[in-house]
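For reference, the structure is listed below as structure tokens.
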Amino acid sequence: MADATPDMKDIVALAKRRGFVFPASEIYGGINGFWDFGPLGTALKNRVRDAWWRDMVTCPPIGPDGAPLSIVGLDSAIIQNPKVWEASGHVGGFSDPMRKCPGCGHFVRADHLQSILATDSEWVQELYEILMWKTGFNEVSHDHLRHWAATKGRKSAPNLAIVRNIDSVLSHIPEGRYPEDEWAPGHFKFFQLLATEQPNAPSVTGLQDPCPRCGAPLGGPVETSLMFASHTGVEQNDASKVYLRPETAQGIFINFKNVLDSTRVRVPFGIAQVGKAFRNEVTPRNFIFRGREFEQMEMEWFCHPDDAALWREFWLAERRRWWEALGIRPENLQMREHEKDELSHYAKEGLGTQDVEYRFPFTAPGFGELEGVAHRCAFDLTQHQEHSGTKMEYRDPVTNETYMPHVIEPAAGLTRGVLAVLCDAYTPDPSRPSGVYLNFAPHMAPVTAAVLPLTAKPAHVEPATKLYMALRPRFAAELDVKQNIGKRYARQDEIGTPYCFTVDNDTLSDQTVTVRHRNTMAQERVALDKVPAFLAEKVG
RNA sequence: GCGGGUGUAGCUCAAUGGUAGAGCUCCAGCCUUCCAAGCUGGCGGUGCGGGUUCGAUCCCCGUCACCCGCUCCA
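In the numbering used here, the protein residues as written are 2 to 541.
Shown next, in the form of structure tokens:
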């Protein structure tokens, strides 16, 4: 929508009502993080997927030098040898140690605790203000601390040790000036002191870390993992443990040599794959935007390290262009460079990552990720070479140079792509009976054409059936006979069918039908035998 | 994982500690020459599990799902 942002509730309701997306396992109460695609949702997803495959593998873009790129397809197993995920860094790194607060139940990432305390804690901010104002961070005053703990601190940090037991905590906080000391106010250790009642008690091992929200001493790190685990074979033990892939990319890297040896590709070239991936997200949210099972469209572009910058720029532009070609409004798309500290483990050393983002209704006015274009360097091939002992280096047949190729990875979310296309098409229109229509680009619409006899009389149904049979082999066509014409138009509006062909009495005399255009509701007449050509022109 | 909210038919909503209703949709039939029209008929429901009660959709507890806000998002 260029104007008002549509309501996500309405989109979810329409998606279910018309068979795009259903809650998974709905009759059993559903299951958090999973969704089922209905008939039209499947059709739409296939449209997006097929467009990607066509534009990546069947007919890849023309490269900077004017020659078509070389990209081949792959479909690897969802379950791989577990060593794949150790080598890729997912088993070790795809988990964040979390710490739980026994006081308020707050869950905080262990490695972010200091920065969260420094910037996102209400009670720390209060202390900052008091200490800044009173002493400029240079001095600890028991009077100030005592006053805060007895008043404001009771509300903002009720479980902080100094609030619960002022005298005991003050007794081990030295008073005075020590600007360079690590205990100085503003340093992490100072807040640890405030959170620790008896630092030397035998039952307590050193200083406590306070909860940013309530001040209670945080519990130890809890191991979490975003990896779905399963077992191969009927015996379930550590040796049989396997993982469902959290990304399709590794299937490509571990087949790098196979593809090289079995096809005639030469660097630079790409390997593309579409498939399911699984992540145990902490909080699945926002409809199908973040599910625990989702689908990816990933292409790994292997190139000479010296050319990585060139190809990165190429793919950044190309991928944004591609999303626009799906019919998504350009103003709802943006590119965003990742900050240094949000770069993935495999992209730390490279030229950075940029996302293609879409303005989803639930992120508006902000944007949410559709696709990431990452410079993975030689990280993955190097890791697999080390872990597997298989040489992954590439020997250029012309120059005889041997090197580890770098990888530019455009990794797109198919599931998110479907959501973006759906949201972008959703167009409320109070002036029409359905109140809404889906403004899909004609080539993306699940149903391209509906053939509608004006009445259910044989005189109308017979020519309509004939037309439908002519369209069926080439186009996603529907024949709908039942109900009055208005209801049928309304239904086609709601599922986003761009063209309806209606057979009426005039058809019988002059062999023409009306074409009803979805967006304008305008009608024009077209000869029966010209309908296939009409559609072919519209959907390419 | 935390806090708040919601949960009655496919959808929108009503009602009551005592047989759960309407409109629209959908299906069948009639009628109908272009935008959910009209007539007749039909399908279909209290998220799930406990508890209190003679009796629970309503009250209580738990659970599940969704929404909002946190948190998280290699």
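Where a beta carbon is used, it is the ideal one built from N, C-alpha and C, also for glycine.
Item, Value
"Selected residue, minimal CA-CA separation from residue 421, among 357, 386, 483", "357"
"Rounded C-alpha distance that separates residue 54 from residue 257", "19 Å"
"Boundaries (first-last residue) of the beta strand (DSSP E) holding residue 24", "22-24"
"Under 8 Å between C-beta atoms of residue 171 and residue 216", "no"
"Minimum length 4: unbroken alpha helix (DSSP H) runs contained in the stretch 415-463", "415-426"
"Which residues DSSP lists as bridging residue 229, in chain order", "245"
"Given residue 62 as reference, the closest of 397, 323, 404 once Cα atoms are compared", "323"
"Ranges of the alpha helix (DSSP H) found wholly within the stretch 12-93, counting only runs of at least 4", "40-54, 83-88"
"Boundaries of the alpha helix (DSSP H) in which residue 390 is found, first to last residue", "Careful: residue 390 lies outside any alpha helix (DSSP H) and carries neither H nor E."
"Buried or exposed (CB count within 10 angstroms, at least 16 for buried), residue 109", "buried"
"Bounding residues of the alpha helix (DSSP H) (the contiguous stretch that carries residue 375)", "Per DSSP, residue 375 belongs to no alpha helix (DSSP H); it is in the beta strand (DSSP E), 369-378."
"Residue 115 - DSSP class collapsed to helix/strand/coil", "helix"
"Nearest to residue 85 (by Cα), restricted to the options 48, 155, 100, 389", "389"
"Cα-Cα separation between residue 408 and residue 44, rounded to whole angstroms", "32 Å"
"Environment of residue 494 [buried if 16+ CB atoms lie within 10 Å]", "buried"
"Short Cβ contact (8 Å threshold) for residue 23 with residue 11", "no"
"For residue 302, the residue or residues it bridges with in DSSP", "271, 409"
"Close Cβ partners of residue 122 (< 6 Å) along its chain, the five nearest in sequence each way excluded", "213"
"Residue closest to residue 547, alpha-carbon to alpha-carbon, out of 7, 92, 530", "Here the chain has residues from 2 to 541 only, and residue 547 is not among them."
"Strand pairing of residue 487, partner residues [DSSP]", "According to DSSP, which records beta bridges pairwise, residue 487 is partnered with nothing at all."
"Neighbourhood of residue 288 by C-beta, 6 Å cutoff - its chain only, sequence neighbours within 5 removed", "13"
"Residues near residue 539 by beta carbon distance below 6 Å, same chain, minus five either side", "443"
"Member of 406, 452, 397, 80 whose CA lies at the smallest distance from the CA of residue 472", "452"
"Separation of residue 405 from residue 79, as counted between CA atoms", "26 Å"
"Continuous alpha helix (DSSP H) stretch holding residue 517: start and end", "Looking at the DSSP string, residue 517 is not in any alpha helix (DSSP H); the run it does join, the beta strand (DSSP E), is 513-518."
"Reference residue 347, options 391, 334, 374, closest by Cα", "374"
"Identity of the residue in 286, 300, 255 nearest residue 269 by Cα", "300"
"Supposed close pair residue 468, residue 509 - CB separation, criterion 8 Å", "Contact doesn't hold; Cβ gap of about 13 Å is too wide."
"Residues bridged to residue 356 [DSSP beta-bridge criterion]", "337, 373"
"Option in 326, 308, 115 with minimal Cα separation from residue 210", "115"
"Residue closest to residue 380, alpha-carbon to alpha-carbon, out of 320, 416, 352", "352"
"Residue 315 (DSSP reduced to helix, strand or coil)", "helix"
"Exposure label - residue 285; buried when at least 16 CB within 10 Å", "buried"
"Residues bridged to residue 161 (per DSSP)", "DSSP output for residue 161 lists no bridge partner at all."
"Residues near residue 89 by beta carbon distance below 7 Å, same chain, minus five either side", "251, 381, 384"
"Contacting residues, own chain, Cβ-Cβ under 6 Å from residue 248 (five flanking each side not counted)", "278"
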